[in-house]
Structures are given as C-alpha cells and as structure tokens.
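Step one of this worksheet: look at the structure below.
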Amino acid sequence: MSTTADLHIHNPVEDVLRKERIPTIWCPGCGIGTTVNSFAAALLGQDIDLKKTAIVSGIGCSGRVSGYMALDSFHTTHGRAIPFATGLKLANPELNVIVYSGDGDLTSIGGNHLIHAARRNMDIMVVCVNNMIYAMTGGQAAATTPGNSITTTSPFGSFEPEICLPQLVDAAGAVFVARWTAYHVKQLERTMAKALKKKGFRFIEVLTPCPTLYQRRNNMGDGLAAMVDYKNRSKIRNGAPTYEVALEPGGEIVVGEFVDREREDYLTRMRRQLGTNYSELPPQPEEEEQEGCCSSC
Amino acid sequence: MMHADPNCVLTGTHFMNGDAACCEGAIAAGARFAAGYPITPSTEVVERFAARVPKIGGIFIQMEDELAASITLQGMVWAGAKSFTVTSGPGYSLMMEHIGFAAMTETPCVFVNVQRGGPSTGLPTLPAQGDMMQARFGSHGDYSTISLVPNSPQECFSLTVKAFNLAEKFRVPVMFMMDECVGHMTEKVVIPDAKEIEVTPRRHASKPPSEFLLFEPGEELVPEMAHAGEGYKVYVTGLTHDKRGYPLMNPASQKELIPRLFEKISRAADELTIVESEGLEDADVVVVSYGITSRVAQRAIEMARAKGLKVGKLRLICVWPFPEKLIRELAPKVKALVMPELNMGQVVIELERCAGGQCKVISVPHPGGTVHKPADILAAIERGAQ
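The following block contains the structure:
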C-alpha cells in the first residue's frame, strides 16, 4: 500500500533549484516564483553548462531568487548586482552570468549601473521582476510605481510618473529587450531561452503581482485578479518601438520582444581594439614548465 | 608559498612615485584585475595598471562610480582573480558598504586609499591622514580588518604585496592607507627578483563539492574558498549565514559568525604587529607615528636628541589591528608617548586607551593640507620629557 510519503513527484525544474531552501519567503499570490519557474525551465531546456552559470541578485524580495537556484549564487548589496556580475564576467569570460533582481533594486538604487552595463554591452542577462513596489521593506513607492498609487510613503497617491524600463535600456544600448507578465509563463520561458543564448546585454522585464503590499492598498484584488488584469490588458507587439511601450495606469500593457539586434559586446570589442596589446594568458614562468607539473601546484 | 611571476615583475632599480610603485606591487602580488573610478590623488595607480595589464592577461575597468568599482572587484575575486580598487576620501566613503560586504563574505581584496584633506571634497591635491578611523570602523556593523600604512614609494611597492598576501591569508579586505605625499613623492624603488617576492596563494577548496562547506572555518579560523564556475554551487550573501553560506538570521548564527571574523584577526596579533622601532630601550619619550608623518617625526626626533633628550621612534606600519600589547608594555617604561597625525587626533585615541594612564599621551594634531613642522613635534617631545 502506498502512502503519500512514497509518492515522489518530480518537479521538472527541481534539478536547478536548491530544494532544501524551499518553501520560499514569498507571499501567496506573489509572481516572483512564477518567473523563476519559467527561468528554470528555460535553463534546463538549453544546452547550457550549469556549472558555468552564475546568478547574481541585489536586495529585496526578487533579490532572493539567486539563493533558490542551484547555481553559483551571489546575493550582493542593494542595487549592485550588475557591477558584481560585471566583475564575474570580466575575470572569467566562460561564465554565463545572469542578474535576477527587482525593480527597486535594479532601476532606482541601481539605475546607474543598469544604464552603464547596457552602454558597455556587458555580456550579461538581466531579469527585472517588476512588482511596482518596494515590497521587502513593506510597500513603499518605487520608480516603477504607477502614478497616483497609494503606498506607505505616498498615502495620498504618488506624485511621480513611472519609469519606462524597455525604453531606458534600449536607449542605453541593450541588444535584447523584452517584457512579459507573470501571466505569460510560456512566452516568458521562450524569451528567456532565447536571451540565454544571445551575447551582449540582455534585459527582460517581467510584471508581477504584489497582492500583499501593492494591490491590497489600491483595491486591486489578489494574485488571481492580477492575472485576469494582465490577460485583459496585455497586447503582444513584438518589435514595438520602446517609446510606445510605457505603462499607463489602467492602460494597455504592451508585451513582447521589442529589441533584438547585434552589437559587439564589451570583451569582444576590448580584444579587437587591443589587438596584439592583449595577451589572453600571461606568459608562463619557465621554472613551472616542468613535466608532470601543473600551473596550480 | 608561491613567488611572483618573473614575466610580470619589473625587477630593477627605478625612480618612481608611490602611486606607480603601488601599481607594481599589486602586479607583483598577482593582481591582474582591478575596477576603479578616477579621483585625485590616487588615479595614477590605475592609469599605470590600465597600461600594464592587458599584455599580461589582465583587465582594468573604469566603472561608473565607486559603489560599482568596489563591488565589481569582488565579482572578479569570486571568479578566481586577485583584484583591488584605488580611491581617495570621497570615493572611499562611497565604498564603505562594500568593504562591509567583503568583510562579511570574507572576500580577499585590497582597497587602496591615497588620503587627501577632508571632510567632503576638502583638499583634493593635498595630503591628510583623516581616514584612519574610517579604515577601521567605516562600514556599518561590526567587523575587523587590516590597515597598512606606507611612508615611502619603496614601501608602496613592498607593502602592497604584503597587503594582497594578508588579504589572502585572512580573507579580509585589506586597507592600504597611503596619502597624497607618499603617492606623489618620487624616490628610488628597488623591485627585487620575482623569486624573492613571496605571494600568498588563495586558500582554495581542498574538498570536492559534495563535502565542501563554503564558510566552514578552516585553518586559522579562515574558510577555504571556491569560485564561480568550478562546480561548487557557492552561495554567497551579505546576510548573516551558516557554514553553507545560507542565510540564517538569528542571534545564535550571528554569534557564531561575527566573533569569528574578529578572532581570525585578533589571534594573529603578534604577526600583525608590524612596526619599525628605534631607541625604545632607554627612551623617556617615544614618538609614535605612521605614514608620511613618520618622516617629519624622524627630523623632530633627531632635533630632540641633539638637545640631549632620550627619544625613541615607533612607526606603525600596520595600524589596524592596533599593536595593543606593544603599547601596553611600552607605556609604563616611558614618560610620554607623542603622536603626530595629519588629522585632528584619531589613532591617538587608541594609543591613549592602550597606554591606560601609565604615561602621558600627547597628541599633535594637524588638519592636513601639508605636513607638520618638525618644531611642533619637537615642542611636544620637550613637553613630554618634563
């Protein structure tokens, strides 16, 4: 007779998760885990060496993603995931480096790094989980919070318009820019898979619900209500000019792959320009060139 | 023990400034990567590095600000490199968060601070030693680290090598506290043969991934390190963590981690008592100084001796950890300890604490912008000898 304990249901993405770290800290109805599911599926569906894949996060609810992935995981400081990832990539170009963090982290406190990594065309992939609020700290207004929203620091409604992330990173020079919502799990997985294989600075924005700290205060219902809202308001426009994809409260949510272009990434350009002035490996000292002796001993 | 790579070391006798010598020290120590942001009077270090390293497989990247530079270098370290950054006062303030991150994640690296007058923008092209307490306590929370202070271009070379070696040995961010004078002073610098330059290798994981715990205290309470891309699935966080590196936020976890970060340094107090001393045996007054100020103090000591006073010299090369035991032993044997500093009195607070009332402690403060007048230090020596 079998008991439930005998039943082992293998989650198709669990191989790339740190199972011992689950359950996550995320609230019921939160969309971060949904994006992770798509990401994990994208990773596993690719011919990617997971041993050579590092994930870097900043601080916040989405900043915890790196710690749930069974990869080399770096949970850095607030806003600084991108420069840490830049260091990883420069010192070991073989690494696939993914930054996975939240909107407040990547675009407000870390906004400068986002711009400059895109400008350099640093070969990293950035997933920005946009729940439109500072959630970890209790629901304060962010640069991504829709104007007029009630938050703990804008009790009369926020007075600031929200930033349009695809337009920002497009202008800064990203070679791949896309946006989906937590409703578009399969599209998101396909876009992530595509981005994982591309070279250069890649940016994917994913709109996700925060029922606890954003929707509740703005009478927007629960996580399911957000899914219905995303379904009704989203319009897929691949290749849409990024100046046409700004989010408006209650307006259309333009989703899709907006930018997919080729531009020399930082390291390729560096090597090309340096030419013979660059040597991949330092000349080995003669004394170490003994038979049977490796350079690390 | 490894040695420097002869193909990368500029063995020979040079006439170079302290900033250039610091760069050569970093290269000799094995640094091939650095991230920086321009700031006077430190920039010459990375200007030289940017020209030197491409041919030896290295990369210098100029980041968008010091916040970025101070964490980019740590990404480089976790990818297996030796790396550092170079800055001065305002940039050093911006780097504080990541000095704490390096302390918490035990990331071996070097922060070079070519000190200038402050606070704020202060005196960008003129010397000071006003960041000495910041070097010890600047980041939030409680941590321990190492600060070395050179007083010549020659030491800018040799102590930079030592800074990298100590960073690897203790897995801490080491503060290399130069000043504008030492950085811009040009003197003879002898760079020895590579075989004579000892280089401390990384404490790399000796166990396979299945048995390895990233933050398990090893020899000398220092954990071994595995890098990204080696199959260890490292988990590195600035949160209080357990031996696996997993966040574990409770008083017990904090108590297990934080005191160890102190103890790995404090138990090596003797090794880290790095001083230059002279004439301490029969001294009535000892001048305790560090960095450029020690060279002015030398003149004052000679003037005092010419007047028949018994004056000793104690130059702190490693200021943090402070040579507590040495001062506790010295204080009862002298009438006074005199400490000139290019600040309003920072390290003298620690000197006074360690002297414990056993002798007079006379501070000779200076707001910076230039060095002391020997006569001012002499006056303090004479006061101490009374």
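Protein sequence lines correspond, in order, to chains A and B. Residues 6 to 302 in the working numbering are what the first sequence spells out, letter by letter. Residues -12 to 373 in the working numbering are what the second sequence spells out, letter by letter. C-beta: ideal position from N, C-alpha, C; glycine also.
If you measure between the beta carbons of C168 (chain B) and I279 (chain B), is that distance less than 8 Å? yes
7 Å Cβ shell around A176 (chain A) - same chain, five flanking residues per side excluded: none
Please list the residues of the segment 0 to 26 of chain B that have a C-beta atom closer than 9 Å to any C-beta atom in chain A, keeping them in chain order. R19, F20, A22
Do P361 (chain B) and A287 (chain B) have their C-beta atoms closer together than 8 Å? yes
If we cut at 8 Å on Cβ distances, does G344 (chain B) have a partner in chain A? Not closer than 8 Å to any Cβ of chain A, the Cβ of G344 (chain B) fails to qualify, so no.
Name the chain A residues whose beta carbon is nearer than 7 Å to that of Q61 (chain B)? What Q61 (chain B) touches in chain A: F89, G92.
Distance, H191 (chain B) Cα to C302 (chain A) Cα: Because the pLDDT of C302 (chain A) is 41, which lies under 50, any placement of that residue in the model is unreliable, and the question is left without a value.
Just how far apart, CA to CA, sit P151 (chain A) and I26 (chain B)? 38 Å
Element boundaries [alpha helix (DSSP H), containing G305 (chain A)]: It is not possible to answer for residue 305 (chain A), since the shown part of chain A is limited to 6 through 302.
A59 (chain A) at chain B interface by Cβ criterion, 8 Å: When Cβ-Cβ separations below 8 Å define contact, A59 (chain A) makes contact with chain B.
Which stretch, first to last residue, makes up the beta strand (DSSP E) that contains P111 (chain B)? 110 to 114
What does a CB cutoff of less than 7 Å around E291 (chain A) pick up in its chain, not counting 5 residues either side in sequence? With a pLDDT of 48 at E291 (chain A), under the threshold of 50, the modelled position of this residue cannot be trusted, and the question is left open.
Mind pulling the chain A residues with CB within less than 7 Å of F50 (chain B)? Rather than Phe, the amino acid found at residue 50 (chain B) in this sequence is Met. Chain A residues near M50 (chain B): P88.
Listing by chain order, which chain A residues have their CB less than 7 Å from the CB of L54 (chain B)? R85
Could you compute how far the alpha carbon of C298 (chain A) sits from the alpha carbon of M(-11) (chain B)? Low per-residue confidence applies at C298 (chain A): pLDDT is 42, beneath 50, and the placement is therefore not dependable, though the value from the model is reported in the following sentence. Within the model, the alpha-carbon separation for C298 (chain A) versus M(-11) (chain B) is close to 14 Å.
Report the CB separation of G65 (chain A) from G109 (chain A) in whole angstroms; it is logged as a contact under 8 Å. 6 Å
Please name the residue, chosen from A:R26, A:G34, A:L49, A:G72, that lies closest to V221 (chain B) on a Cα-to-Cα basis. A:G72
Throw me the rounded Cβ distance for the M91 (chain B) and S57 (chain B) pair, which I believe falls under 8 Å. Not really, about 14 Å apart at Cβ, beyond 8 Å.
Given that S113 (chain A) touches chain E, what residues does it touch there, using C-beta distances under 7 Å? Note that chain E does not occur in the displayed structure, where the protein chains are A and B.
Mind checking who V262 (chain B) pairs with in its DSSP beta bridge? B:L303
Going by other Cβ atoms of all chains shown within 10 Å of its Cβ, with 16 needed for buried, is R266 (chain A) buried or exposed? exposed
Unbroken stretches of the beta strand (DSSP E), 3 residues or longer, contained in the segment 110 to 161 of chain B: 110 to 114, 133 to 135
Starting from T0 (chain B), trace the alpha helix (DSSP H) in both directions and tell me its first and last residue. That residue, T0 (chain B), is in no alpha helix (DSSP H); its beta strand (DSSP E) goes -1 to 4.
CA-to-CA distance, G205 (chain B) to R158 (chain B), given in whole angstroms: 12 Å
Contacts that K194 (chain B) makes with chain A (C-beta to C-beta distance below 7 Å): By Cβ distance, chain A contributes nothing, its closest Cβ being about 16 Å from K194 (chain B), past 7 Å.
Grab me the residues of Q333 (chain B)'s own chain with a C-beta within less than 7 Å of its C-beta, minus the 5 sequence neighbours each way, in chain order. M119, M120
Have a look at A:Q220, A:P254, A:T142, A:V260 and flag the residue whose alpha-carbon is nearest the alpha-carbon of T196 (chain A). For the residues A:Q220, A:P254, A:T142, A:V260, the minimum Cα distance to T196 (chain A) belongs to A:V260.
Neighbour list for N97 (chain A) in chain B, Cβ cutoff strictly below 7 Å: A66, G67, A215, G216
Member of A:G226, A:C169, A:H121 whose CA lies at the smallest distance from the CA of F206 (chain A): A:H121
Is Y248 (chain A) near Q172 (chain A), with beta carbons less than 8 Å apart? yes
Would you mind reading off the limits of the alpha helix (DSSP H) that contains I258 (chain A)? First-last for I258 (chain A): 258 to 265, but that is the beta strand (DSSP E), not the alpha helix (DSSP H).
Selection from B:E328, B:T187, B:V283, B:A122 that minimises the alpha carbon distance to N152 (chain B): B:T187
Kindly confirm or deny that the segment 265 to 279 of chain A and the segment 74 to 84 of chain A touch, where touching means at least three C-beta pairs closer than 8 Å. no
K42 (chain B) and N282 (chain A): beta carbons closer than 8 Å? Going by beta carbons, K42 (chain B) and N282 (chain A) fall inside the 8 Å limit.
Using a Cβ-Cβ cutoff of less than 6 Å, which residues in the same chain neighbour P288 (chain A) once the five nearest sequence positions on both sides are dropped? Unreliable positioning characterises P288 (chain A) in this predicted model, as indicated by a pLDDT of 49, which lies under 50. A coordinate reading is not provided.
Against T224 (chain B), what residues of chain A qualify as contacts under a CB-to-CB distance less than 7 Å, listed in chain order? G72, H80
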